[in-house]
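Peer 1:
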Amino acid sequence: MTLPIVSTPIPPPGDEIELLARASALAGYNLGELAAHAGLVLPADLKRDKGWIGVLLERYLGASAGSKPEQDFAAIGVELKTIPVDSRGRPLETTFVCVAPLTGNSGVTWETSHVRYKLARVLWIPVEGAREIPLTRRRIGTPLLWSPSPEEELLLQNDWEELMDLIVLGRVEHITARHGEVLQLRPKAANSRALTKATGEFGQPIMTLPRGFYLKKTFTGPMLARHFLV
DNA sequence: AACTGATCATCT
DNA sequence: AGATGATCAGTT
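With the numbering used here applied, the first sequence closes on residue 236, and no number is skipped along the way.
This is how it looks when you write it as structure tokens:
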């Protein structure tokens with residue numbers, strides 16, 4: 007297996023087969039090898055570069071880079087997610103999905119939600135994430151091209167509806183990360199001083215911490231496990 | 001081990 | 001301010 011040339015931006019994949027082939031070709035390489043081959047300087051750790059691995063893999067796979075509110079592979083409708091895993095392939099972190107809308111939610115439904123859109127088709131790439139492993143030696147795992155099963159989608163929908171109901175009812179500040187079986191709502195902000203508009207208990211406008219939807223490890227764990235078992 | 005709030009970089 | 005890419009680190 008040989009690494010693709012990445013010194014020049016590589017074109018988006020034409021279809022899922024091509025995308026999966028590119029991702030599969032990266033499996034087994036470590037971050038030091040991929041960084042060197044791409045001519046990038048690997049950070050000492052991820053403390054100040056939390057999205058570094060995601061950006062690196064975007065580059066190798068031909069994702070439309072940057073911060074556009076679109077899927078990573080818009081043309082083929084696929085989202086890319088790297089997920090840090092332990093030695094047994096279990097997730098080490100929750101997975102950010104998208105920012106939660108805290109205002110203007112009258113009439114929003116699961117069918118039209120950003121969560122459903124983002125998760126409709128995801129290329130999961132596990133990456134060794136144990137902190138004992140130096141960043142340079144952490145290896146890329148086998149990719150998984152995934153869509154939620156009917157059961158998984160129902161779990162997601164139920165949680166999304168529960169959380170959105172609370173938001174609409176002005177109870178966003180009462181929501182904890184325990185609400186939801188598989189989806190949780192937590193801060194997603196530059197820092198604790200960042201505020202956004204929301205609706206309060208009495209329907210009044212309030213300023214609160216921006217929130218995001220995250221997939222719990224109890225969701226992504228079994229999802230990955232099933233894949234690597236089969 | 002899960003939860004929880006906080007945080008970092010970059011771009012539009 | 002809010003989107004992209006997420007992980008850190010203390011507490012329970």
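C-beta atoms are modelled at their ideal positions from N, C-alpha and C, and glycine is treated no differently.
(1) Does the segment 140 to 153 come within contact of the segment 22 to 42, defined as at least 3 CB pairs closer than 8 Å?
(2) Taking 7 Å as the limit between beta carbons, can you name the residues of its chain near Glu-179, skipping five residues before and five after?
(3) Using only CA atoms, which one of Gly-20, Lys-222, Leu-175, Phe-208 lies nearest to Ala-69?
(4) Any chance you could list the alpha helix (DSSP H) runs of at least 4 consecutive residues sitting entirely within the segment 130 to 179, in chain order?
(5) To which residues does DSSP link Tyr-220 through a beta bridge?
(6) Classify Asn-197 as buried or exposed, calling it buried when 16 or more other Cβ atoms lie within 10 Å of its own Cβ.
(7) Reducing DSSP to helix, strand and coil, say where Ala-44 ends up.
(8) Looking at Arg-122 and Trp-166, is the spacing between their C-beta atoms short of 9 Å?
(9) In angstroms with no decimal places, state the Cα-to-Cα distance between Leu-129 and Ala-204.
(10) Between His-153 and Thr-202, what straight-line distance do the alpha-carbon atoms span, to the nearest angstrom?
(11) Please list, in chain order, all residues of the same chain as Pro-49 whose beta carbon is under 8 Å from its beta carbon, the five residues on each side excluded.
(12) Between Phe-234 and Val-103, is the Cβ-Cβ spacing less than 9 Å?
(13) How should Leu-169 be labelled, buried or exposed, when 16 other C-beta atoms within 10 angstroms of its C-beta is the threshold for buried?
(14) With Pro-216 and Ala-183 assumed to form a contact (beta carbons below 8 Å), what rounded beta-carbon distance in angstroms separates them?
Peer 2: Straight from the coordinates:
(1) In this structure the segment 140 to 153 touches the segment 22 to 42; the number of beta carbon pairs closer than 8 Å is three or more.
(2) Locating residue 179 in the first sequence gives position 173, where the first residue counts as 1. Thr-214.
(3) One-based indexing of the first sequence puts residue 69 at position 63. Looking from the CA of Ala-69, the closest CA among Gly-20, Lys-222, Leu-175, Phe-208 belongs to Gly-20.
(4) Counting only runs of 4 or more, we get 156 to 174.
(5) On the first sequence, residue 220 is found 214 positions in, with the first residue counted as 1. Beta-bridge annotation (DSSP): Tyr-220 is paired with Phe-102, Gln-190.
(6) As a working note, residue 197 is residue 191 in the first sequence. By the 10 Å Cβ count, Asn-197 comes out exposed.
(7) For the purposes of this step, residue 44 is taken as residue 38 along the first sequence, with counting starting at 1. Residue state, collapsed to three classes: helix.
(8) By 1-based counting over the first sequence, the position of residue 166 is 160. By 1-based counting over the first sequence, the position of residue 122 is 116. Yes, the pair counts as a contact, with Cβ atoms nearer than the cut-off.
(9) Position 123 of the first sequence, counting from 1, holds the residue named residue 129. Position 198 of the first sequence, counting from 1, holds the residue named residue 204. Linking Leu-129 to Ala-204 through their CA atoms gives a straight-line distance of about 32 Å.
(10) Indexing the first sequence from 1 puts residue 153 at position 147. Indexing the first sequence from 1 puts residue 202 at position 196. Looking at the sequence itself, residue 153 is Ser, so the reference to His does not match. When rounded, the separation of the alpha-carbon atoms in Ser-153 and Thr-202 is 32 Å.
(11) Indexing the first sequence from 1 puts residue 49 at position 43. Here the set comprises Asp-55, Trp-58, Leu-141.
(12) As a position in the first sequence, residue 234 is number 228, starting the count at 1. As a position in the first sequence, residue 103 is number 97, starting the count at 1. The answer is no: Cβ separation not under 9 Å.
(13) The residue you call residue 169 lines up with position 163 of the first sequence. Buried is the call here.
(14) Within the first sequence, numbered from 1, the residue matching residue 216 stands at position 210. Within the first sequence, numbered from 1, the residue matching residue 183 stands at position 177. The pair is not a contact, with the Cβ atoms about 15 Å apart (cut-off 8 Å).
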